[in-house]
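Colleague: Chains as they are written, first to last, in this note's numbering: chain A, 136 to 495; chain B, 136 to 495; chain C, 136 to 495; chain D, 136 to 495.
Have a look at the structure that comes next, please.
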């Protein structure tokens, strides 16, 4: 079975190629009666859209959406919500040169081999443009989550070697949108922006990290043994274009700690809530949310499209040379922030609904 | 929906609690006609079973399995294969002391809250004992993969701060089973074993890394956009008890590279196969295997059960103290190796079959 | 989970309300490389569309579709195929009178109670207009089936008490489209048309049967024990609006036969094919196709909307009266023919692909 | 994907062959906290088991079950419930004669062709013995339904031409278990028993009908547009061995009625409940339960195994002769009653849980 759906109860299916007629998504399983603020959907799409600053791709897409079904008199109806975004700025001729060639570290070769055919225009279905559909769907998921007081905040915590050396709990998450790189620490943000501009000048690209924090999650989300909350989160993040790694809570660094250091001690707070003194668990124990903040990191590689000549092969296996054309991001990180939030929202919405059947 | 199944075509469902009657698994979707070597299944279970060395738990379980269905005259029948492992050494009284208390960084609190009930004996369903069922199922998946010449090799690459500083391509993977810690480098293995013994003496635990390499994977496995090969691998690994992180190919380290350094250049080899000169992609491009080696790391936290007194709360929120009893692993890593391989085998078997429908 | 998807490998998800912006469907799982004749899609939609004759509803819908994704250079790409049909003739004011009332034997009451909200315009999601999306998707499925020489032919075999008293093997299936009621026997068709006109004059409606024959099905389709071929066919048919019953092969009539009369005796034909002398099995044995013709009947009730005053209640439980307005079918049967074929095509396409994993 | 699972939330997977080691089932998705009466499970198995009277097969199977997981201290834990039934009376040698031959109207030929292999002993997986696992699972589903006051009653309403000419509402459903044929009308039951004995004497078999009534279903179960309540019920029933047809409410007979006769008029009763005066809808409107009784019929063909010599072919296509041996039912109907109830219970339990997400 093809892999264009995500979620079990709050389930989305996306469609669309980078330079096709339209992108879109169907949400099947959103409960009826949720009031939808359509302006918020556009706002989320705007955070992801190309051309929003001089450190991202200059492709011009309004990314305006149209809702085709599922919402009536401002409310979800319990029926599938379909939403499309037409492609406008389709400079397909930018891609004629790679019709028969495989760009290094792109999906050209694997798609051509797997499917026997390939929409070479802008990467077709493999383009990160597809994530617009995810962001649109997640804008509805976020409204469902808001109803239950769950908030998600992602931000850029590393670009190349420039790293935000502060813990999520010590930064002001409300400042993420204050700068174009989406790092809540102004000083670090400036360094990141500088680095990206430099990289861009070289026609090159750079990787980095997005960190994400989720607050207000009730105890109980996650379905062991396979659909553990962090396992589904991990899959969600790794499904984002250019993602190479995922860690939650103490993550990779926690491997060097001893159990006596790493265990989170329970206590009862003044509101009679059971909490933990530390949170190495990252808000998840045994695959189930424990009510503490959930936090995690996603590693992104440098984008494959560079404005430099590279050796490659064509579909017949002959040597050739390819050079990036078109309009591309020197660094995926700033635009990855709303996408990381979107995937987190989809996982949360789904598990929130799944958990309704844990008890009699 | 509950989360006890994994896979879409080659689909397993596991069941069983740590101190219940039996563990088991159903495999639904294994193609008919595969010859099954049942001795191999036992061999795989023996690699995972407790009591196999002095650096792992001394719980005594023979972990002998019984096949209940799906195999006739030595071959799979295309019908569900059911396999059970009876629990023998159920010292449930070891757990009476935590009947009403929540062990730090365990799943006691989250299970109790999510389900309203809890089998407190040995962690019940949340125990890593459940992975025996996965290993058994994967022993069949591995036989399917062997038919297609796919090999999986995992090994311990880090315990605490002791790290194997060699790349997978420079170690002899056939030596992994030569020592009890399952690190293919003898010298590093000795250091790891020494560290684990020390930790054990302290009644403490320690984390680490398992690395895994998959060779012989055909081009084309993985189903974008959500069921990318590495996304499903990541979920599989993160579903293993104590896993905290996953990275593939260049992983987290790749975030500091530039695209011009990180891109894998295509070339055609002597057998007319399209290959890449480097393999930062980790054998996966656009979520689809490209025929190069797939390799990845899984981070494991220190096990939560320590032989030291820790402060905690009981189910009424009152302060209490818990101390680990029973027989536990000071380090999950050695026994995690066959489990990591098992989950990789399940992902591969599933995607191998899923890919049969990519083309007309 | 919501129920707007059908199929496991060749999987469709439909969306859209009767008087909303658009209807549509995503097909996820159609293998890549299939050449698509878009004119055929329109042709199939035209067979289902309203206003095609004077014995069906006079609602005016061109039912023109737009393909948004998944097809490039005339071929399927292995990516989701999205297809929409905009609603044009939305006389929503025809429905203002039932905004708060429940029409007898309609879905008004059950939708309102289940979801707490209701798009009352034309029945919203419960309208048979939704089946246009199924027919569009099936027009692609039929092209996949044609590639494997499978043909599906449905026809009207009963309208009220007017029954086609001939077996499917004795009628000329190529004549089904020769008359507006879609009964391949001209004489019976005339009687059916006459009856429908009479019923229409009375502002009433009438039920009947659609029969369907599938030829060219290879041995092996169907996945016991639950997804038997006829079980999935039955579900598919029963999911069509107004369907009340399903039988295949000897069906209900076969209940009075003895095993010695009913068993289909095997023999080997001149082409060395194993066949059966009779076909009470309806081409399916043990839930798996046996290579003989598959045939079945679907019972449809009289449509609930009648042009007569009926007593009912409003959403507060108060007594009220409703009278059908708008443009409705006096008999669902003629337009049900392409829908029955469509659902059969979707079941076949799905099982054809599912069967690729039955053997090693 | 293989077809051995049923349900989406309350999901069962069955396994086991007729003459293999054991049959069994995993239930994944039963909410935690349900008290389980294990005696009731045995009671249900006893209603289905062979040898219970002289009009059913004399195979001797105690059909005793063992629960392996998921229930602790008498309650469901929210974890998978595994249950097995060992096969005892495996007279496999009864089947040596059909090792290479295909019994008429059995699944021998289709299994052999689909899978390339076949467990010929007692029909292997295709045997109705598999339904014991369904009945066991449903005995848990029924306890969940009882918690919500939903009752299911099936009975034999026809054997051959002997038909119970009374509506379900006019018979005393509590009398179904009073006789061995499970027809609640004593007089009709006698005639049915007489007929079956006659048929048995001839070494022949006979078909018939099972009717089923479900009371106490809340408004709202069913998930349009594909998973309509009656569509899932229909699939469930058609998945039972020997089932050939399904109809609900007015069914096939309703096709000859006019809408003005067939529509169910709403009214408000003394308890302020919205009800319908008639119930041609069979308790389901628009695919969603409306609170009225749900009722339906299932048609069963005469069992294929007869004690008479029949012409057939072997696996090489050569002509041969087969005669039924072993111990078989002359009529499937009496034992089909608990199976029909079981499948109805599984559909209800699943939709009851699915409906928890229809609203915010």
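C-beta: ideal position from N, C-alpha, C; glycine also.
#1: Spell out whether any CB of chain D is found under 8 Å from the CB atom of residue 173 of chain B.
#2: What are the partner residues of residue 301 of chain A, as DSSP defines its beta bridges?
#3: Of all the residues that make up the segment 403-420 of chain A, which are near chain B by a beta-carbon distance shorter than 7 Å?
#4: Under 8 Å: do the segment 480-489 of chain A and the segment 270-285 of chain A share three or more Cβ pairs, one atom per stretch?
#5: In chain A, which residues lie with their C-beta within 7 Å of the C-beta of residue 362 of chain B?
#6: Got a sec? Which residues, its chain only, sit under 6 Å from residue 442 of chain B by beta carbon, not counting five neighbours each side?
#7: First and last residue of the alpha helix (DSSP H) that includes residue 495 of chain B?
#8: Between the segment 184-207 of chain C and chain A, which residues of the former have a C-beta closer than 8 Å to a C-beta of the latter?
#9: Please return the same chain residues whose Cβ sits closer than 7 Å to the Cβ of residue 143 of chain D, not counting the five positions on each side in sequence.
#10: Compute the beta-carbon to beta-carbon distance between residue 363 of chain A and residue 374 of chain B, rounded to the nearest angstrom, for a pair I have assumed lies under 8 Å.
#11: Listed in chain order, which residues of the segment 269-297 of chain A have Cβ atoms closer than 7 Å to some Cβ of chain C?
#12: Going by DSSP, what residue range makes up the beta strand (DSSP E) through residue 410 of chain D?
#13: Counting only C-beta atoms, is residue 329 of chain B closer than 8 Å to chain D at any point?
#14: Taking the Cβ atom as the reference point for each residue, do residue 236 of chain D and residue 449 of chain D lie within a distance shorter than 8 Å?
#15: Is the beta carbon of residue 354 of chain D less than 8 Å from the beta carbon of residue 248 of chain C?
#16: If distances are taken between C-alpha atoms only, which option among A:146, A:344, A:250 comes closest to residue 298 of chain A?
#17: Distance check for residue 198 of chain D and residue 172 of chain A, CA to CA, integer angstroms please.
#18: Inspect the beta-carbon positions of residue 316 of chain C and residue 190 of chain C and report whether they are closer than 8 Å.
#19: Report the partner residues of residue 221 of chain C according to the DSSP bridge assignment.
#20: Quick check on residue 425 of chain A - is its C-beta less than 8 Å from some C-beta in chain E?
#21: Which one of C:217, C:184, C:386, C:331 has the shortest CA to CA distance from residue 223 of chain C?
#22: Within the 8 Å Cβ cut-off, does residue 480 of chain D reach chain A?
#23: Alpha carbon to alpha carbon, how far is residue 201 of chain B from residue 268 of chain B?
#24: From A:272, A:413, A:192, pick the residue whose C-alpha is nearest to that of residue 461 of chain A; which is it?
#25: So with CB distances below 9 Å, who are the chain A contacts of residue 428 of chain C?
#26: Excluding the five sequence neighbours on either side, which residues of its own chain have a C-beta within less than 6 Å of the C-beta of residue 330 of chain A, listed in chain order?
#27: Is residue 218 of chain B near residue 160 of chain B, with beta carbons less than 8 Å apart?
#28: How is residue 393 of chain D classed by DSSP in three states: helix, strand or coil?
#29: Which chain B residues sit within Cβ distance under 8 Å of residue 167 of chain C?
#30: Measuring straight from C-alpha to C-alpha, what distance separates residue 140 of chain D and residue 232 of chain A?
#31: Is it buried or exposed for residue 394 of chain A, if we count other Cβ within 10 angstroms and need 16 for buried?
#32: Based on DSSP bridge pairs, tell me the residues matched to residue 433 of chain A.
#33: Measuring alpha carbon to alpha carbon, tell me which residue in D:414, D:453, D:266 is nearest residue 383 of chain D.
#34: Can you tell which of C:137, C:154, C:179 has the C-alpha that lies nearest to the C-alpha of residue 470 of chain C?
#35: Taking contact to mean 3 or more Cβ pairs, one atom from each stretch, closer than 8 Å, check whether the segment 356-372 of chain C and the segment 238-255 of chain C are in contact.
#36: Just mark residue 406 of chain D as buried or exposed, buried being the case when its beta carbon has 16 or more other beta carbons within 10 Å.
Modeller: The structure says:
#1: Position 38 of the second chain, counting from 1, holds the residue named residue 173 of chain B. Answer no: the Cβ-Cβ gap between residue 173 of chain B and chain D never drops below 8 Å.
#2: As a first step, residue 301 of chain A must be located in the first chain, where it is residue number 166. DSSP output for residue 301 of chain A lists no bridge partner at all.
#3: 403, 407, 409, 416, 420
#4: yes
#5: Reading the second chain from its first residue, position 227 is the one you call residue 362 of chain B. Simply 138.
#6: Stepping through the second chain from its first residue, residue 442 of chain B is reached at position 307. Cβ within range, chain order: 338, 459.
#7: For the purposes of this step, residue 495 of chain B is taken as the residue at position 360 of the second chain. Counting along the chain, residue 495 of chain B falls outside any alpha helix (DSSP H), and DSSP gives it neither H nor E.
#8: 201, 202, 203, 204, 205, 207
#9: Within the fourth chain, the letter at position 8 stands for residue 143 of chain D. Excluding residues within five positions, the ones whose Cβ falls inside 7 Å are 485, 489.
#10: To locate residue 363 of chain A, count along the first chain from 1; it is residue 228. To locate residue 374 of chain B, count along the second chain from 1; it is residue 239. The Cβ separation is near 6 Å, so the contact holds.
#11: none
#12: If you number the fourth chain from 1, residue 410 of chain D lands on position 275. Segment 409-411, the beta strand (DSSP E) holding residue 410 of chain D.
#13: Residue numbering aside, residue 329 of chain B sits at position 194 when the second chain is read from its first letter. With 8 Å as the cut-off, residue 329 of chain B does not count as an interface residue toward chain D.
#14: Stepping through the fourth chain from its first residue, residue 236 of chain D is reached at position 101. Stepping through the fourth chain from its first residue, residue 449 of chain D is reached at position 314. Result yes, Cβ atoms of residue 236 of chain D and residue 449 of chain D sit closer than 8 Å.
#15: Within the fourth chain, residue 354 of chain D is the residue found at index 219, counting from 1. Within the third chain, residue 248 of chain C is the residue found at index 113, counting from 1. Less than 8 Å separates the beta-carbon of residue 354 of chain D from that of residue 248 of chain C.
#16: Against the first chain, residue 298 of chain A aligns to sequence position 163. Closest by alpha carbon: A:344.
#17: As a position in the first chain, residue 172 of chain A is number 37, starting the count at 1. As a position in the fourth chain, residue 198 of chain D is number 63, starting the count at 1. Spanning the two alpha carbons is a distance of roughly 58 Å.
#18: On the third chain, residue 316 of chain C is found 181 positions in, with the first residue counted as 1. On the third chain, residue 190 of chain C is found 55 positions in, with the first residue counted as 1. Cβ distance < 8 Å, so residue 316 of chain C and residue 190 of chain C count as in contact.
#19: Residue numbering aside, residue 221 of chain C sits at position 86 when the third chain is read from its first letter. Paired residues: C:157.
#20: Given the protein chain composition of this structure (A, B, C and D), no chain E is represented.
#21: Residue 223 of chain C sits at position 88 when you count from the first residue of the third chain. Of the listed residues, the one whose Cα sits closest to residue 223 of chain C is C:184.
#22: Numbered from 1 along the fourth chain, position 345 holds the residue referred to as residue 480 of chain D. No, residue 480 of chain D lies away from the interface with chain A (no Cβ there is under 8 Å from its Cβ).
#23: Stepping through the second chain from its first residue, residue 201 of chain B is reached at position 66. Stepping through the second chain from its first residue, residue 268 of chain B is reached at position 133. Roughly 12 Å separates the two Cα atoms.
#24: Position 326 of the first chain holds residue 461 of chain A. Answer by Cα proximity: A:192.
#25: One-based indexing of the third chain puts residue 428 of chain C at position 293. Here the premise fails: no neighbours, minimum Cβ distance about 29 Å.
#26: As a position in the first chain, residue 330 of chain A is number 195, starting the count at 1. If we look at residue 330 of chain A and ignore the five residues flanking it on each side, its Cβ neighbours are 294, 295, 297.
#27: Residue 218 of chain B sits at position 83 when you count from the first residue of the second chain. Residue 160 of chain B sits at position 25 when you count from the first residue of the second chain. Cβ atoms of residue 218 of chain B and residue 160 of chain B: closer than 8 Å.
#28: The sequence position of residue 393 of chain D within the fourth chain is 258, counting from 1. Residue 393 of chain D: strand per DSSP, three-state reduction.
#29: Numbered from 1 along the third chain, position 32 holds the residue referred to as residue 167 of chain C. Ordered by position in chain B, the residues that pass the 8 Å Cβ test against residue 167 of chain C are 493, 494, 495.
#30: Stepping through the fourth chain from its first residue, residue 140 of chain D is reached at position 5. Stepping through the first chain from its first residue, residue 232 of chain A is reached at position 97. Their backbone Cα atoms lie some 49 Å apart in a straight line.
#31: Residue 394 of chain A sits at position 259 when you count from the first residue of the first chain. Buried, since its Cβ has 16 or more Cβ neighbours within 10 Å.
#32: In the first chain, residue 433 of chain A corresponds to position 298, counting from 1. Answer is A:345, A:381, bridged to residue 433 of chain A.
#33: Position 248 of the fourth chain, counted from the first residue, corresponds to residue 383 of chain D. Taking residue 383 of chain D as reference, the option from D:414, D:453, D:266 with the minimal CA-CA separation is D:414.
#34: One-based indexing of the third chain puts residue 470 of chain C at position 335. Nearest of C:137, C:154, C:179 to residue 470 of chain C, Cα basis: C:179.
#35: no
#36: Locating residue 406 of chain D in the fourth chain gives position 271, counting from the first residue. Exposed: under 16 other Cβ atoms inside 10 Å.
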